[in-house]
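The next block holds one structure in the form of structure tokens; read it before the comments.
Residue numbers (my numbering): 16 to 1129.
Structure representation (structure tokens):
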């Protein structure tokens, strides 16, 4: 590749470089230790320098220098990994530059021209792939090393690289760590000892920062049960973050496609860059902190002061700007933050240059003043453009005029609130959709009731109204510590729905999607899918004690919301626990609001919770276990196996404690959840265990521990709840309440915040990322173990061999997905399918893997034979082969008897394997994992597999003329290259001749009138069977048996072959088997054991390299 011209003193490099070609202006050199001879000790030293140092001179084994005759200065202008590459550059210089240089008079002009030309070539190349790199020149050098050392496909995108030490045992190897889209790679070369490591991100189980006595600070990578440690990193935190992002990207792309498809920023694996990953991570944090829709991206960040009216001072923080939101968070993030939708901004006043301040006016007679903004003018213009506010001179000339316009607009909306609704974009709700919260309908508040609970409820409402007057209400409300204090004390029943919408961000979703819910309800009305069947089954199990769900009003609203969400998100559809959560949402929010709250919970606040594998809940349980180890060491000391808490707490996370607490207490937990997210659930879980610590330590088994926790939850009450007894849930353990003191939910939540409120949301997110790798890999390992258990019952391969085969099979699936987004393999992979169907290979994938594992080396027609193999083992003819089908075929070829192997080859030349479409394309490949599952079809398939009797040799159809000729050719191909090749060829020719003579005798007995015609046909067919291979063999390799010579001497004229086609003859499998059994050479060949373990070891090394070579060839 071309290099930015760099000055080199050649006299210092004589011992390291050898000149291969030179002329008046250029020199082509080869690095000592490369190419012919290797360089001996000098080569070892040079190789070590090439790994440890970081310069172009040591990277590539070939380079081109520019010089002029009257100068001692040389300039490096090109380098190359291979001789072919550098020769191409040399030839280009000869053809395009040498002639031009003769027109210059001075050497300075020549050097200037050459340098300018090379820089132009580099700039042209860099337009496509290097424009986003911080230092394109150094990155080009690193890319060259990466391609040379690891020989990955050219499409593999290098993201970044770092110098580090890799610990091999107790010995550190200094080298280079390369992070690409699909692989973690390391290379070291010290005094002849080469260390090369390639780990794909989808194989990593754990990724964490560690430290011990030997390694002060390092990164630990766990893959395939082996630990890898990387240390001596100059930017360890940055390196770890990039590794974490690439691992998460791979996991989402291959194992968690639903969430990956919602992230267009990472759509193309060939365009991933370090800068892009950093921007994506910042946008993720931005959306999570401010609870914004997934479409929002962080565009600008400005440090500034914000005037806080309730505290009467300026607080330092950051302005964060996205496509549709202006957000501010104080420096520590906990003092206050505010979210302003752009649709709420009515004006941006003329910036004040003296204090670098700007004022943003929003609806509701409110204005926000940001000061000390470095780029205040550009920020003001950006906000204006995003809000559609004009910044023309006549509008900005007078601030009084602006204030007048703002005030008139505000007064108009106060007098005409329906216009606010229209401006926000709301449409009239459908008459079929409920417009009231169910609690309002089934438990209206009695204004005249002045009992103590209602008085306390009124006091709460008054406290919130005071808070609203100070901190604002609605979308532009300040979130402060006081807001959290009010949440902990309990939210009034009348304000619960409004605050849930505000805290979750669902209010913004609903405002920006007017009429969306009504359309979904109308579309999904009357549809019948697997999701709707499950919804109908669970409707009457949702808070059955509550009067709202004992009537058609509540049941119908619940049905509409759940069905609409299943229609919106068919990947999730419907999962158990969604009904319980939605029931509570409907109690306090209007129907459309409940729908958007469900969207916020399922897609933002509890990601990946509600799917077939509940990955999100399992991840949070792992986070919970980590917190138990950190905060409850006494409990851990008594119960070393924390998996018990995982099984117990699953319902806590899935239903936000709604399924274990009475409804009047559970809603207080939901209040905290909508404000603080999963952190609130984790805090409460720790508090529950801490509260019952002594009892749990004394218990002897899991059943006793479950009983203790159930009794505790039954004793939790809400003494301030204004709900009547008919609405409150009856506790299961009412009879035992006397033996267990009651606990007030408000006190429990307050204690949770006092003891564990220091748990930061950032720590929870970091722990989620770390544990998600382990959780998904554990699920994948469970899938593998289940598949191996099923397959092992039908094959003779050992468990370890099946394990290695599964890893190769799965890796072949991923190899077709690494460098494209449109791979059919990604569409076929569906974790919700049965274990055996989760990973399947199409023909192209199968042919590559089969070529690595086939027991015999076919000398020709490999693609055709692979296609026949594929068609034969594809039992259901869906164009995909699963692991069981693949293993059964290999088991027959490696471990089967002579008869079984021959039967397999015989069937290979019968329909459906042999009779293919003319173009060889497999067209039947149904879309999988979509729509309603046909359970009857699954049951019938299962029943047929159980009743299917074992196939006998008598069940096989006869093989006709063309099939038998191809069968003979296949045998020739199999035997090619074998040490006993000649005797095997003779045996095949003898068997072919014998079978044809037998057929001739049979035809003579049946048709005595035409013996000559039959004999000629038999001889011609024998010749045709042998000719296909003999044409490819040298004379020395051609069999010389009498039968072979006889058949080979036949005349293959068109007339003779047409005569063959006129004669209809065939053989049964018994005839072929009996004939081949009489040939000891053939029998011993097929019964000779083949070392499968060696094949597996070779395939493991060659699989990736073969894929790289194929992609380079294409």
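Beta carbons are placed, not taken as given, at the ideal position from N, Cα and C, and that holds for glycine.
Residue i vs residue j beta-carbon contact at 8 angstroms
i: residue 1173; j: residue 190; result: A question about residue 1173 goes unanswered here, because the residues of the chain that appear run from 16 up to 1129.
i: residue 735; j: residue 468; result: yes
i: residue 692; j: residue 667; result: no
i: residue 867; j: residue 1112; result: no
i: residue 690; j: residue 504; result: no
i: residue 794; j: residue 728; result: no
i: residue 630; j: residue 491; result: no
i: residue 1135; j: residue 238; result: Limits of the chain in this structure are 16 at one end and 1129 at the other, which puts residue 1135 out of reach.
i: residue 647; j: residue 712; result: no
i: residue 92; j: residue 43; result: no
i: residue 883; j: residue 989; result: no
i: residue 508; j: residue 454; result: yes
i: residue 1132; j: residue 257; result: Outside the shown range of the chain (16 to 1129) lies residue 1132, about which nothing can therefore be said.
Residues sharing a beta bridge with residue i, DSSP
i: residue 243; result: 236
i: residue 897; result: 855
i: residue 94; result: 78
i: residue 1117; result: Answer by DSSP bridge pairing: none, since residue 1117 is not bridged.
Delimiting residues of the alpha helix (DSSP H) encompassing residue i
i: residue 162; result: 151-165
i: residue 807; result: 776-807
i: residue 512; result: 511-519
i: residue 37; result: It is not in any alpha helix (DSSP H) - residue 37 instead sits in the beta strand (DSSP E) that spans 32-37.
i: residue 606; result: 606-615
i: residue 403; result: Unbroken run through residue 403: none, as it is neither H nor E.
i: residue 712; result: 708-713
i: residue 687; result: 678-691
i: residue 17; result: Not the alpha helix (DSSP H): residue 17 falls in the beta strand (DSSP E), residues 17-23.
i: residue 1093; result: No alpha helix (DSSP H) contains residue 1093, which DSSP labels as neither H nor E.
i: residue 572; result: 567-583
i: residue 979; result: 976-990
i: residue 915; result: 913-922
Selection from the options that minimises the alpha carbon distance to residue i
i: residue 770; options: 786, 705, 827, 790; result: 705
i: residue 1015; options: 188, 269, 1080; result: 1080
i: residue 526; options: 658, 611, 575, 542; result: 611
i: residue 337; options: 322, 358, 329, 330; result: 358
i: residue 86; options: 764, 103, 40, 96; result: 40
i: residue 1150; options: 1084, 136, 174, 169; result: Since the first and last residues shown for the chain are 16 and 1129, residue 1150 lies out of range.
i: residue 220; options: 495, 265, 203, 1088; result: 265
i: residue 162; options: 829, 194, 136; result: 194
i: residue 819; options: 1108, 870, 456, 539; result: 1108
i: residue 670; options: 658, 641, 616; result: 616
i: residue 622; options: 179, 1084, 303; result: 303
i: residue 970; options: 918, 254, 539; result: 918
i: residue 240; options: 23, 1106, 218; result: 218
i: residue 489; options: 380, 132, 988; result: 380
Bounding residues of the beta strand (DSSP E) (the contiguous stretch that carries residue i)
i: residue 224; result: 219-225
i: residue 668; result: Residue 668 -> not in any beta strand (DSSP E); alpha helix (DSSP H) instead, spanning 658-670.
i: residue 194; result: 186-195
i: residue 43; result: 41-46
i: residue 291; result: Residue 291 -> not in any beta strand (DSSP E); alpha helix (DSSP H) instead, spanning 289-305.
i: residue 15; result: As displayed, the chain neither begins before 16 nor continues past 1129, which places residue 15 out of reach and without an answer.
i: residue 476; result: Taken as a continuous stretch (DSSP letters only), residue 476 belongs to no beta strand (DSSP E), being part of the alpha helix (DSSP H) at 467-486.
Proximity test, residue i beta-carbon vs the ligand MG heavy atom, cut-off 7 angstroms
i: residue 100; result: This structure lacks the ligand MG, and indeed carries no ligand of any kind.
Cβ of residue i within 8 angstroms of any chain B Cβ
i: residue 80; result: Absent from the structure: chain B. Only one protein chain is present.
Take every Cβ of the segment 553-567, pair it with every Cβ of the segment 593-610, and state whether three or more of those distances are shorter than 8 angstroms.
yes
Evaluate contact between the segment 780-789 and the segment 707-724, counting only Cβ atoms and requiring at least three cross-stretch pairs below 8 angstroms.
no
The segment 385-395 contacting the segment 308-320, beta-carbon criterion three pairs below 8 angstroms:
yes
Would you check if the segment 574-585 and the segment 656-666 touch, i.e. whether three or more CB-CB distances between them fall below 8 angstroms?
no
Please confirm if the segment 995-1011 is in contact with the segment 1083-1103, defined as three or more CB-CB distances below 8 angstroms between the two stretches.
yes
Could you tell me whether the segment 853-865 touches the segment 815-832, where touching means 3 or more Cβ pairs closer than 8 angstroms?
yes
Between the segment 919-927 and the segment 980-990, do at least 3 Cβ pairs fall closer than 8 angstroms?
yes
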